[in-house]
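The sequence shown begins at 1 in the UniProt record's numbering and counts up one residue at a time.
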Amino acid sequence: MRSTLQFGRFNFPWRGERVRARVMGILNVTPDSFSDGGQHQSLEFAISHAEQMILDGVDIIDVGGESSRPGAPPLPLEQELQRVMPVLYALRDIGPAISVDTYKPEVMREAIIAGVDMINDINGFRAPGAIAAVRDSDCGLCIMHMQNDPRHMQLAPSYTDVVAEVTAFLRERIEALTAAGIDPRRLCIDPGFGFGKTVEHNYALLKATAQLIAELDVPLLAGLSRKSMVGAVTGKPVEQRMAGSVGGALAAVAQGALIVRVHDVAETVDALKVWQAGTNLQR
Ligand code: 9MG
Numbered sequence: 001m002r003s004t005l006q007f008g009r010f011n012f013p014w015r016g017e018r019v020r021a022r023v024m025g026i027l028n029v030t031p032d033s034f035s036d037g038g039q040h041q042s043l044e045f046a047i048s049h050a051e052q053m054i055l056d057g058v059d060i061i062d063v064g065g066e067s068s069r070p071g072a073p074p075l076p077l078e079q080e081l082q083r084v085m086p087v088l089y090a091l092r093d094i095g096p097a098i099s100v101d102t103y104k105p106e107v108m109r110e111a112i113i114a115g116v117d118m119i120n121d122i123n124g125f126r127a128p129g130a131i132a133a134v135r136d137s138d139c140g141l142c143i144m145h146m147q148n149d150p151r152h153m154q155l156a157p158s159y160t161d162v163v164a165e166v167t168a169f170l171r172e173r174i175e176a177l178t179a180a181g182i183d184p185r186r187l188c189i190d191p192g193f194g195f196g197k198t199v200e201h202n203y204a205l206l207k208a209t210a211q212l213i214a215e216l217d218v219p220l221l222a223g224l225s226r227k228s229m230v231g232a233v234t235g236k237p238v239e240q241r242m243a244g245s246v247g248g249a250l251a252a253v254a255q256g257a258l259i260v261r262v263h264d265v266a267e268t269v270d271a272l273k274v275w276q277a278g279t280n281l282q283r
């Protein structure tokens, strides 16, 4: 029975007695994340943000250059490389695991050369060449489900049975990756909250966390930080969704999620410590 996520320089147990839920901190390297868009300033901003996340207890830093917000247009390859590569080289040896959020095989290849530990692909490694780009590395691979693409995904999300369809998609992608010779211990799955889903779809999937893990036999990453599914329940705008997001992260971990992808690292780390101190987290 597989019980450890093995990725790059790291091993995270996800079943058994030594399980601890892990926090992935979001590090966006997009022009709206720093003031004037200059290359030097963006690198300084990224490093100081990463240093703060480390003080706050982050386990994985997820670096992304292209916005995946609903309606966001794709970013040309060269711009994505210019944004993320200097950051990946600067952060590689800073301490925590480093992940790159990309669906472009060319970025995956360059990021692997830079030494990243994980590739977080919102497109589930469906782009031509994506599997070949990652196959011969030891990177962890986060396979996310998305219906449609970021520009169109929230126009009319539609499923007959969202849990069954997301499960079938993830199963097919796991099979595609393992058929290419990739060790299943490198894989984790993600239902993709907010990626082509209504609020009802998102909560149906959140409630199915344990079922997804049991059926697919891989660890699960949950990313709902500050998303509209949090706003829909709390009635709060995006800048006031921290507590709701922490609540969502705990709901996911309580049902077996190994990794939560968050903006508010310190608050999530504290909440998980207290939750874990009062819970028996054996799976
Ligand atoms: C890049 N990105 C934005 N939201 C995400 C989520 O929910 N999961 C993963 N894996 N990546 C995400």
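We treat Cβ as the ideally placed atom computed from N, Cα and C, and that holds for glycine.
For M108, DSSP assigns no beta-bridge partner whatsoever. Around the CB of H152, fewer than 16 other CB atoms lie within 10 Å, so the residue is classed as exposed. Taking 8 Å as the cut-off, the beta carbon of I61 is found no closer than this to the beta carbon of I259.
S3 and V218 have their C-alpha atoms some 8 Å from each other.
Beyond the five residues adjoining it in sequence on each side, Y203 comes within less than 7 Å, by CB distance, of M229 in the same chain, given in chain order. With 6 Å as the limit, the residues whose C-beta approaches any heavy atom of the ligand 9MG more closely are G64, S68, D101, N120, I122, C142, M144, D190, G192, F193, L221, G223 and R261, in sequence along the chain. Leaving aside the five residues that flank T198 on each side, the residues in its chain whose CB is nearer than 8 Å to its CB run, in chain order, P157. Here W14 has L5, P219 and L258 as same chain residues with Cβ atoms under 6 Å from its own Cβ, once five neighbours each way along the sequence are excluded. For D62, no alpha helix (DSSP H) segment is defined; the enclosing uninterrupted segment is the beta strand (DSSP E) at I60 to G64. Selection G16, C188 and G194 evaluated against Q147 yields G194 as nearest (Cα-Cα).
Taking C-beta separations shorter than 6 Å and ignoring five residues to either side along the sequence, the partners of V87 in its chain run V29, A46 and V63, following chain order.
One alpha carbon belongs to G278, the other to L221, and they sit about 22 Å apart.
Across the set E267, V238, V116 and G129, the C-alpha of V116 shows the shortest separation from the C-alpha of C139. Around T102, the same chain offers G64, G65, E66, E80, V84, M108, A111, I119, N120 and D121 as residues with beta carbons nearer than 8 Å, after the five sequence neighbours per side are excluded. Counting only residues of its own chain and dropping the five nearest sequence neighbours on each side, D56 has a CB closer than 8 Å to the CB of G25, V265, A266 and V269. Note on T178: under 16 other CB atoms within 10 angstroms of its CB, so exposed under the neighbour-count rule. Residue environment for P150: buried (at least 16 other C-beta atoms within 10 angstroms of its C-beta).
Close CB contacts of V246 within its chain, under the 6 Å cut and outside five residues either way in sequence, are with E267, T268 and A271 (chain order). Shortest Cα-Cα distance from M1 to any of Q154, P184, H49 and E44 involves P184. For the stretch 185-222, the full-length beta strand (DSSP E) segments reaching 3 residues or more read 187-190 along the chain. Distance from H263 to R226 at the Cβ level is roughly 6 Å; contact confirmed, criterion being Cβ atoms closer than 8 Å. Annotation for L187: L141, I143, I174, L177 and V218 place their beta carbon closer than 7 Å to its own, counting only its chain and skipping 5 residues before and after. Among the bridge pairs identified by DSSP, I119 is matched with V100 and L141. If you compare the alpha carbons of E165, A90 and N123 with that of S48, the shortest gap goes to A90. Counted as a single uninterrupted DSSP element, the alpha helix (DSSP H) harbouring T268 occupies residues V265 to A277.
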